[in-house]
Structure formats: structure tokens, C-alpha cells
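These notes are about the structure you will find just below.
Chains as they are written, first to last, in my numbering: chain L, 48 to 183; chain Y, 22 to 398.
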């Protein structure tokens, strides 16, 4: 499976989908002009990945510090897709948050609640880093 | 019933006289290096959209840089007052860029400055170039930091006079206004008629309105993704409060500005980005941040918009939360004319009702003004 790497931008997160290293990450801020368009290749990539010999365990790390509502809707689609694939494959979704950043924690809790508390959707506290810029 | 929103009349005047190719951008407050950077980025974005080429773009940009630096240089001396008073305004009308600055100066310097400005204004292009070299040499010897050099540069690059005014501020300080413009078409007849919003007097009046209402920034132009990114970067550092509070405001800001970008009626045709004409301002008074956007909407959208907003305002926060969750799980059409989860998010984040106003322009279009308030606890 080919990797998918997208560089982080001011309004777009970094996308690191590197099965050779067992690394699946979305990192940064997300409020692009068209989130649906931005997420489309990511959703397609995961579809193809699970269709073609995925790793025995796939851990997707979502390390977001800011997003708008249309990005949240796109993220919902991604999480639903991953949970769906998790019925046949070993999939874990880690939703990271900084302890100072209630918003991201709350959105994680919201997802967990709305998706009927899936065991493989896990909230993970990051070490507080004063240097990280949590505003867009 | 409409929630009344008291957007200052001068801002309505500003928007109604701004066409989609033009720009009005007024920033008042603290001038740090970072902020100067993003102010210039925002202006640069407009210059790019207008496809300004090499040399002209450089000239316009140079004037803006010198003007901002003129403010930051003075700021060090009297930081305390200047924080609230200093202003940088950039406007574009057809092929004219206009730059206006305001900052406090010590009264004892007023005569010196007047003198300098008069000297510069009375010089021919040739004399200015000579004077520039002289001052440059002088400065490198005396190491005075070249406050005068900036003024000469602005005059040289603009090719026009530096209009100025000094207004009493207190016993010690005066407010120093400076205004100049640059024609992008060097061959054009310079007696072009400028609408009122581009006059020196209008900008001074606007500055007083900004003062009175504690408005930090006014942006009236096309809202597209690049201008949104610059605006957000400028404001991120300006908003007080703890992180969750600031994130709520910035989050709401993104929703409001993208609403204009996606749904505004008067739109640009740009291959790369969507964009629409509107006005945005942010004010901070009595521990309340106010975000206000105004854009054009088609009259056939009004009924639906009004009923959606009235409905959201009629719900308790708990019910808004429920509706938000429902919509989040079911929402599939991001081309919805109502902007998806945006309004719900604004209501949830601000914990306040969304104030709005619709003003009819003609049988086809109206203004839609939306105001969201945040109380700093």
C-alpha cells in the first residue's frame, strides 16, 4: 500500500499515513475552505488500505488542536469509517487532547457518546506543552 | 421580532460604498511585529487578487511597510496610550491604494514633524531623491533610527503628497494622522473622483467611531480563505482571556467568516478560492467581545434564514446541544444554504442569542447582519 503524506498548513492538518512504519496520524488544525474535498482522498486511502492487506493492528492517532464545524462533520465520517472497518479488522482510534484544551476533550467525549461508546475509540491526554500553539 | 443590533451607521456606509474589487481594512490597537506581518499579508492578498505586477506591487507594499513601521517606531516611546489609539488603514478604490495611519506623538515634536512634512510636500521628485540620500547618509553617521527617512520613503514611493493632521489628545500628546495614496496606473489623469469613504476626513471620522465603540478591527472586502487565515492570525493574539474562552471566540469567528465566504451573495470569480463581499468588525467593551458580520443575501433566502435563527434562539442551551448532536450525526449536505452546524455552534460557544438584522436593499437583495457576543467571565 502506498503511503499518503500531506504537509501541515495553517488551515490544514498534516496527514501521515505510513503503513510501512505502522504510523497513521492526523496532526494540527483544520478549517479549510472545503473540508469534504480535503478529507476525500483520506477516506479513499483508508478504504483501499483495508481492502488490500492491512496490518494486523491499525492505530489511527488524531492529534487535532483546532477545527471548525464542517471539519468536524468530515472527521465524523472518518471515525465512522474506521469503526466500521474495526468490525473486521483490529482498529484503534486515539483521540488526543491537551489538558488545558477542554474543547478538544469535549468533542472527543461527544464522538464517543454519539457513537455508542465504542471500546476502540480512546481519549488520550497529551503532556501539557506550553509551547504548543493551540489557537489557529 | 428582530433583535436590534446597533452597528454604527458609518460601517453601513462603508459597506454600501464598497464594491467587490475594492477593500477597506482598518486596524486599531497594538502593533507588534507579528501583527504587522499579518496586516501586511492581508493587504498583500488583496494586491495579489488584483494581479498587481512586480514593481507596482513592491511600491504599494513598501508604503504599507513604512507606514506600519512609522507607528511601531513611535509606539516604544508611549506604549501605554498608543496601544489603544494607533491605527493603520489601507483602502483600495479602483486603481488607487490609500494608506492612513494615526498614532500619538509628543506635543513638543509636532512642529518638527509639520516642518518635515511641509518640506517633503514642497519638493519635486528629483529633490526628494536627493534629500533621501542626504538623510540616509546623515542617519548612518548619527544613528538616529531614521524616523524622517520613513516619511521621505512614503512620499517617494507614493508620488503624492503626505496629507496630515494633528489633533489634541491631552496636555502631553497629539494624535498624528497621515494619509497618502498611490495610483497604480501612472499615466492616469489624477483628478479622479473619490467616493466619500476614501476621503481623509471619512477615515478620521471612522477612527473616532472605532475609538468610541472600542472596535479593534474592521475588514470590508472579499472574504476568502487566505484573507480569513490572516484575519484569524491577527485576532488570535488580540483576544484576552483563558485558552478555552479565546478558542470559543476564534472558533465562532471562523464560522462567521466562512459563512460569508460560502453564502454571501455578491461573489468573486476566482479559480482558486471562493469568496464574497462583506464587512466584519470586532469590538471589546465592558468585558464583552462583539463579533459582527454583514453580507449581502438574496431575498429568496430570507424567510428560511430568519426562521432558522428564530428557532435556534428560542431553544435552551441544552436543546441546542441536542440539536447539534443530531445534526452532527445526520448532516450530509455541506452545500446547505444555512451553513450546516455553524449557527448552532455560535449559539453554543457564546451561550448568547444570535442577534441579527435584515435590511432590504431592493427587490432582489438585502443585507444580513449577524452579531455574536462573548462575556469575559
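Idealized CB from N, CA, C, for every residue including glycine.
With a cut-off of 8 Å, does the C-beta of residue i fall near any C-beta of chain Y?
| i | result |
| --- | --- |
| residue 163 of chain L | no |
| residue 115 of chain L | yes |
| residue 110 of chain L | no |
| residue 179 of chain L | no |
| residue 147 of chain L | yes |
| residue 169 of chain L | no |
| residue 58 of chain L | yes |
| residue 20 of chain L | Examination of residue 20 of chain L is not possible in this model, given that chain L is present from 48 through 183 alone. |
| residue 120 of chain L | yes |
| residue 150 of chain L | yes |
| residue 187 of chain L | This structure does not reach residue 187 of chain L, given that chain L is present from 48 up to 183, and the question cannot be answered. |
| residue 182 of chain L | yes |
| residue 78 of chain L | yes |
| residue 55 of chain L | no |
Spell out whether any CB of chain L is found under 8 Å from the CB atom of residue i.
| i | result |
| --- | --- |
| residue 275 of chain Y | yes |
| residue 30 of chain Y | no |
| residue 329 of chain Y | no |
| residue 292 of chain Y | no |
| residue 346 of chain Y | yes |
| residue 358 of chain Y | Bear in mind that a pLDDT of 44 at residue 358 of chain Y, under 50, signals an unreliable position, so the model cannot answer this. |
| residue 363 of chain Y | yes |
| residue 368 of chain Y | no |
| residue 272 of chain Y | yes |
| residue 261 of chain Y | no |
| residue 279 of chain Y | yes |
| residue 164 of chain Y | Any reading at residue 164 of chain Y must be qualified, since the residue scores a pLDDT of 47, below 50, and its modelled position is unreliable; the value itself is stated next. No - not a single Cβ of chain L is within 8 Å of the one on residue 164 of chain Y. |
| residue 257 of chain Y | yes |
| residue 264 of chain Y | yes |
| residue 372 of chain Y | no |
| residue 295 of chain Y | yes |
| residue 94 of chain Y | no |
| residue 268 of chain Y | yes |
| residue 350 of chain Y | yes |
| residue 213 of chain Y | no |
Give a yes or no on whether the C-beta atoms belonging to residue i and residue j are separated by under 8 Å.
| i | j | result |
| --- | --- | --- |
| residue 35 of chain Y | residue 116 of chain Y | no |
| residue 366 of chain Y | residue 105 of chain L | no |
| residue 173 of chain Y | residue 152 of chain Y | yes |
| residue 31 of chain Y | residue 226 of chain Y | yes |
| residue 181 of chain L | residue 153 of chain L | no |
| residue 282 of chain Y | residue 245 of chain Y | yes |
| residue 273 of chain Y | residue 394 of chain Y | no |
| residue 71 of chain L | residue 94 of chain L | no |
| residue 271 of chain Y | residue 183 of chain L | yes |
| residue 266 of chain Y | residue 397 of chain Y | yes |
For the putative contact between residue i and residue j, defined by C-beta atoms under 8 Å, what is the C-beta separation to the nearest angstrom?
| i | j | result |
| --- | --- | --- |
| residue 376 of chain Y | residue 392 of chain Y | 4 Å |
| residue 243 of chain Y | residue 180 of chain Y | That belief does not hold up - the Cβ atoms of residue 243 of chain Y and residue 180 of chain Y are roughly 27 Å apart, past 8 Å. |
| residue 86 of chain Y | residue 119 of chain Y | The Cβ separation is near 16 Å, so there is no contact. |
| residue 183 of chain Y | residue 141 of chain Y | 6 Å |
| residue 362 of chain Y | residue 302 of chain Y | About 24 Å separates the two Cβ atoms, so there is no contact after all. |
| residue 203 of chain Y | residue 80 of chain Y | 6 Å |
| residue 139 of chain L | residue 167 of chain L | 5 Å |
How many Å lie between residue i and residue j at the Cα?
| i | j | result |
| --- | --- | --- |
| residue 334 of chain Y | residue 113 of chain L | 26 Å |
| residue 76 of chain L | residue 59 of chain L | 6 Å |
| residue 322 of chain Y | residue 169 of chain Y | 54 Å |
| residue 178 of chain Y | residue 93 of chain Y | 20 Å |
| residue 91 of chain Y | residue 373 of chain Y | 40 Å |
| residue 358 of chain Y | residue 78 of chain L | Annotation note: pLDDT 44 at residue 358 of chain Y (below 50); position unreliable, coordinate value reported separately. Cα to Cα, the separation comes out at about 19 Å. |
| residue 350 of chain Y | residue 344 of chain Y | 10 Å |
| residue 150 of chain Y | residue 76 of chain Y | 18 Å |
| residue 147 of chain Y | residue 156 of chain Y | 14 Å |
| residue 132 of chain Y | residue 185 of chain Y | 12 Å |
| residue 103 of chain Y | residue 51 of chain Y | Note that residue 103 of chain Y scores 49 on pLDDT, short of 50, meaning its location in the model is unreliable and no value can be drawn from it. |
| residue 139 of chain Y | residue 82 of chain L | 54 Å |
| residue 67 of chain Y | residue 241 of chain Y | 11 Å |
| residue 51 of chain L | residue 304 of chain Y | 43 Å |
| residue 165 of chain L | residue 219 of chain Y | 59 Å |
| residue 248 of chain Y | residue 135 of chain Y | 36 Å |
| residue 24 of chain Y | residue 378 of chain Y | Only weak support is given to the placement of residue 24 of chain Y: the predicted model assigns it a pLDDT of 44, under 50, and the question is left unresolved by the model. |
| residue 313 of chain Y | residue 280 of chain Y | 12 Å |
| residue 306 of chain Y | residue 57 of chain L | 30 Å |
Using 7 Å as the cut-off, classify the Cβ of residue i as near or not near the heavy atoms of the ligand SAH, replying yes or no.
| i | result |
| --- | --- |
| residue 146 of chain Y | With respect to small molecules bound, the structure shown includes none, and the ligand SAH cannot be examined in it. |
What in chain B is Cβ-close to residue i, meaning under 8 Å?
| i | result |
| --- | --- |
| residue 246 of chain Y | Note that chain B does not occur in the displayed structure, where the protein chains are L and Y. |
Would you check if there are 3 or more beta carbon pairs closer than 8 Å linking the region 337 to 345 of chain Y to the region 254 to 267 of chain Y? no
Report yes or no: do three or more beta-carbon pairs, one from the region 161 to 172 of chain L and one from the region 134 to 143 of chain L, lie closer than 8 Å? yes
Quick check: the region 128 to 139 of chain L against the region 280 to 293 of chain Y, are there 3 or more CB pairs under 8 Å? no
Using 8 Å as the Cβ pair cut-off and three pairs as the minimum, do the region 77 to 94 of chain L and the region 114 to 125 of chain L touch? yes
So, do the region 106 to 115 of chain Y and the region 43 to 52 of chain Y have three or more beta carbon pairs nearer to each other than 8 Å? yes
Can you confirm whether the region 382 to 396 of chain Y touches the region 302 to 322 of chain Y when touching is taken to mean that 3 or more C-beta pairs between the two stretches lie within less than 8 Å? yes
Between the region 119 to 129 of chain Y and the region 195 to 204 of chain Y, can you find at least three pairs of beta-carbon atoms closer than 8 Å? yes
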